[in-house]
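Read the structure below first, then the notes.
Following this line, the structure appears as structure tokens:
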């Protein structure tokens, strides 16, 4: 159990794995990500985040292709592989994958831990042609109570909506893990840092939570990705990264999740308590 | 009237005046700010933003001091002076002042225009010892329909709450004017850009609105301020500034407020429409 009022928990080492999945090469993507997870665990990390759709690649060309690559959340080969690895290494893994549930596909992330499968989150806000292939998430914004802390999950475009982080923070999330495949934004000036970094730093500050973003790199079927993964502390300052724009890289930070319980900015102000719920609900 | 479905409006030049009010020197602060407003208007600006509590200074030492410096919103000498100036120069001014209404004090901003007084906004989220002197704003988040566009107003710590900008954007604000007195945040790394810049860029991007922030500079009774005023476009990219940390400076940008009507990020996605109101209301 989490001891938020008891003795402080030991520091937690977190890693975000920025890598380049290959379109459609599920077995290879799982094998390469597993090797990177092993390396992060060997360095001491106990919470490891992978990108969005890390087992399949991102740019599907048809519903048939997407359906063929999607797997059941708990019993698919990807879930079994990452779940067994989490058990073997005594780590928690949050990783994006294409989920199939009956005829419905979801852009999902699983959380697996030392005791195996913990749960799944289904992306709530679908970006661009994801709307062609996936259903909108129907599981809300769950917070997973784990032995290492209260973990929220959101995926890529979910992070464009401040409501995502408010929901998760109000539900007690201490750290939000973000599997993502960030793409350039409209009117983005040449060389400008990813807008996503700004959005997530603001969200961490406004909610007093840690946020760990694992992006992919590379260009897939003409679609470039942004890289620039980062780990952010609960006052909104970057504590690891941003990673490079185009190279694989594992970011690591050591955090004290108890720091996410201190929502205060000074002796008068506290970011969740100060909300004017009488004005905006 | 605003012609959001008619011919495009002419471009609007906006200025944010970063200056250093002197504690308690109301007449001098109004005179100096008026000279800066005249200069901005002479350069072509038609919407001019001043800092928070621009007529009084910020760090009150007692209720007596605050009460003595506060004025009625519409009929006080500051409102009459800035109102007359707006009429003379044919500009809109958004400016912070200490408001007295009966026994109650508010940290407010007035909007005055070519036809005189338009309205007042009372700060909803009070920072630090403001809680000793001021009542929480009781006017919600009004959007002022003006001849130049739909203008929202928020003050300093209001900008820490994503709800502020959602309320204003959903009510149709095209530009949000931010009179502010930003101070350093907890754990702020030496030399790091103001967290406020991150928060407001995120808010502009997530709501597809312009945001114009006018901060003060200087150190008052031991309290340093951040400067770094900026003007942000509706995709979250900075279009003027950030200004310096410690010097007076007038920022100017030319904007097309019609751009705030285009909430789309691509042919599938639109930042307000994509909200999962079925999940988070």
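Protein chains in written order, with the working numbering: chain A, 16 to 296; chain U, 16 to 296.
By construction, the Cβ of each residue, glycine as well, lies at the ideal position given by its N, Cα and C atoms.
Model, not experiment: these values are computed from the prediction.
Within a 10 Å sphere around the beta-carbon of residue 114/A sit 16 or more other beta-carbons, which makes this residue buried. Residue 170/U carries a coil assignment under DSSP once its states are collapsed to helix, strand and coil.
Note: residue 38/A is not bridge-paired with any residue in the DSSP secondary-structure output.
Pairing residue 208/U with residue 258/U, the inter-Cα distance amounts to about 11 Å. The Cβ neighbour count for residue 210/U, taken over all protein chains shown within 10 Å, is at least 16; the residue is labelled buried.
Ranked by Cα distance from residue 251/U, the first of 26/U, 146/U and 219/U is 219/U. With respect to residue 122/A, residue 84/A sits apart: the two C-beta atoms are not nearer than 8 Å.
Inter-segment contact for the region 262-270 of chain U and the region 228-247 of chain U is present: three or more beta-carbon pairs are separated by less than 8 Å.
Per the Cβ contact rule, the region 277-289 of chain U is not in contact with the region 45-60 of chain U (fewer than 3 Cβ pairs under 8 Å). The distance from the Cβ of residue 136/A to that of residue 168/A is about 4 Å, consistent with a contact at the 8 Å cut-off. With respect to chain A, the C-beta atom of residue 283/U has a partner C-beta closer than 8 Å.
DSSP places residue 125/U inside the beta strand (DSSP E), whose first and last residues are 119-128. Residue state for residue 115/U is assigned as strand, using DSSP reduced to three classes. Judged by their CB atoms, residue 134/A and residue 157/A are nearer to each other than the 8 Å cut-off. Interface criterion not met: the Cβ of residue 267/A is under 8 Å from no Cβ in chain U. The beta carbon of residue 96/U sits closer than 8 Å to the beta carbons of 45 and 49 from its chain, once the five residues preceding and following it are set aside; these are given in chain order. Chain A has a Cβ within less than 8 Å of the Cβ of residue 144/U. Counting C-beta pairs with one atom in each stretch, the region 135-152 of chain U and the region 24-33 of chain U have fewer than three that are closer than 8 Å, which means they do not touch.
Not a single CB atom of chain U sits nearer than 8 Å to the CB of residue 120/A. If you draw a straight line from the Cα of residue 100/A to the Cα of residue 93/A, it comes to about 11 Å. Interface criterion not met: the Cβ of residue 73/A is under 8 Å from no Cβ in chain U. Taking 4 residues as the shortest admissible run, the region 18-89 of chain U contains the following complete alpha helix (DSSP H) segments, listed from N- to C-terminal end: 41-57 and 78-84. For residue 124/U, the closest C-alpha among the options 65/U, 296/U, 185/U and 206/U is that of 65/U. With fewer than 16 other CB atoms across the displayed protein chains lying within 10 angstroms of its CB, residue 37/A is exposed.
Remark: fewer than three beta-carbon pairs, one from each stretch, lie closer than 8 Å, so the region 74-83 of chain U and the region 54-63 of chain U are not flagged as touching. Among the CB atoms of chain A, one or more fall inside 8 Å of the CB of residue 155/U. With respect to the 8 Å criterion, residue 139/A and residue 173/A are classified as neighbours on the basis of their beta carbons. Interface flag for residue 136/A against chain U is unset, since no Cβ pair is found closer than 8 Å. Interface flag for residue 116/A against chain U is unset, since no Cβ pair is found closer than 8 Å. Under the three-state reduction of DSSP, residue 107/A is assigned to strand. DSSP places residue 232/U in the coil class of the three-state scheme, outside both helix and strand. In the displayed model, residue 201/A falls within coil according to three-state DSSP, outside both helix and strand.
Between residue 184/A and residue 213/U, the CB-CB gap reaches or exceeds 8 Å. Taking the C-beta atoms as reference points, residue 74/U is found no nearer than 8 Å to residue 243/U.
Nearest Cα to residue 54/U within the set 253/U, 29/U and 127/U: 29/U. Here residue 293/A is exposed. Its C-beta has fewer than 16 other C-beta atoms within 10 Å.
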